[in-house]
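Read through the structure below, which is laid out as structure tokens, and then see the notes.
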Amino acid sequence: MSAPADGTERIYVLAPMESDDVPEVSQLERRCFSNPWPESAYYRELREPERNYYIVLRQELATAGEPEAEREDARGPLALLPRLRRPVRLATRPLVGFAGMWTLYGEAHVTTIGVAPEHRGLGLGEVLFLTLVSEAIRRNAEFLTLEVRVSNRAAQSLYEKYGLTRQGVRPRYYSDNAEDAYIMTSPSLRDPAYRQHLLELKRRLVERLARERIDIVERSA
Ligand SMILES: CC(C)(COP(=O)(O)OP(=O)(O)OC[C@H]1O[C@@H](n2cnc3c(N)ncnc32)[C@H](O)[C@@H]1OP(=O)(O)O)[C@@H](O)C(=O)NCCC(=O)NCCS
């Protein structure tokens with residue numbers, strides 16, 4: 002996908018996942034994965050926000066000519082996005098992505114990440130992933146880890162771009178086709194050199210989004 006031919010800006014809103022989002026997340030999950038979670042698993046995850054962190058990305062339907070959202074930028078250096086303070090009725094906006102993780106015993110474990118097929122290749126997967134990494138750092142996790150299908154080159158490439166490396170294999174991890182999973186883990190999230198690398202990746206991502214005329218704003222809980 003490339004920038005729209007008419008030069009208009011596309012606006013996406015990143016927000017914490019809420020129970021009302023779950024049916025739509027489930028629908029999108031079925032378009033992204035061959036073994037989606039049952040909706041009940043999401044409701045369970047959302048009941049423990051101190052341990053779990055889930056986000057959604059929706060497309061804002063406003064056009065570039067509308068007044069600028071009021072923003073607040075006073076956040077840590079790894080925060081990717083300005084906060085959106087103008088209230089938006091998000092539930093009416095099309096869902097284009099979702100992601101989540103657990104943080105437990107100083108480790109963040111990415112459980113899911115997906116972007117609607119028609120919105121892929123724009124940097125939105127990176128927006129979601131970098132948001133998880135930033136939150137893992139905010140929660141003082143030391144490592145970020147995940148499982149990924151051995152056949153899923155696109156996702157592996159995203160994780161490799163963010164410095165994750167293969168640490169092992171979980172044989173027959175996926176129940177639908179008995180496929181193996183690679184275990185991938187980040188460098189220490191406390192390592193200053195890795196934090197510097199993340200800042201550089203964020204800078205490049207912001208440039209890429211600007212080139213694609215994509216604006217991303219965050220709505221806090
Ligand atoms: C993986 C996924 C989230 C990527 O989302 P996306 O919005 O298309 O990704 P981005 O545009 O942000 O791309 C970021 C990076 O991902 C990698 N990537 C994305 N699509 C890729 C593809 N088709 N082939 C190879 N690498 C790819 C690249 O490293 C890319 O960086 P680059 O543009 O500098 O090369 C998306 O493909 C998806 O939803 N897949 C189905 C669900 C899934 O597999 N989730 C992961 C489960 S472990």
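Numbering follows this note's numbering, with no gaps: position 151 of the sequence shown is 152. Note that the Cβ used here is the ideal one computed from N, Cα and C, for glycine as well. Computed from a predicted structure; not experimentally measured.
Check whether residue i and residue j have beta carbons under 7 Å apart
i, j, result
"M102", "V111", "yes"
"A109", "L145", "yes"
"E148", "A182", "yes"
"A1", "G107", "No statement about residue 1 is possible, as the shown extent of the chain runs from 2 to 222 and does not include it."
"E201", "L123", "no"
"R167", "M185", "yes"
"A155", "L133", "no"
"E180", "R205", "no"
"S35", "D177", "yes"
Nearest-angstrom beta carbon gap, residue j and residue i [assumed within contact, 8 Å]
i, j, result
"R31", "P37", "5 Å"
"D22", "L96", "7 Å"
"R140", "T113", "About 18 Å separates the two Cβ atoms, so there is no contact after all."
"E46", "N53", "5 Å"
"Y43", "V26", "6 Å"
Interface flag, residue i vs chain C, CB-CB below 7 Å
i, result
"R52", "Absence of chain C from the displayed structure is noted, only one protein chain being present."
### Query
If we count Cβ pairs, one from each stretch, closer than 8 Å, do we get three or more for the segment 115-133 versus the segment 146-163?
Segments in contact, yes.
### Task
Count the C-beta pairs between the segment 17-28 and the segment 47-65 that are closer than 8 Å, then say yes if the count reaches three, no if not.
Yes: the two stretches touch, three or more of their Cβ pairs being nearer than 8 Å.
### Query
Between the segment 189-204 and the segment 169-176, do at least 3 Cβ pairs fall closer than 8 Å?
Counting C-beta pairs closer than 8 Å gives fewer than three between the segment 189-204 and the segment 169-176, which falls short of the contact rule.
### Message
My parser needs the beta strand (DSSP E) runs of 3 or more residues fully inside the segment 176-212; what are they?
### Response
Runs of the beta strand (DSSP E) lying entirely within the segment 176-212 and spanning at least 3 residues, in chain order: 182-186.
### Minimum length 3: unbroken beta strand (DSSP E) runs contained in the segment 37-65
Whole beta strand (DSSP E) segments, 3+ residues: 53-61.
### Query
If you scan the segment 109-185 from start to end, which runs of the alpha helix (DSSP H) of 4 or more residues do you find wholly inside it?
Runs found: 125-139, 154-162.
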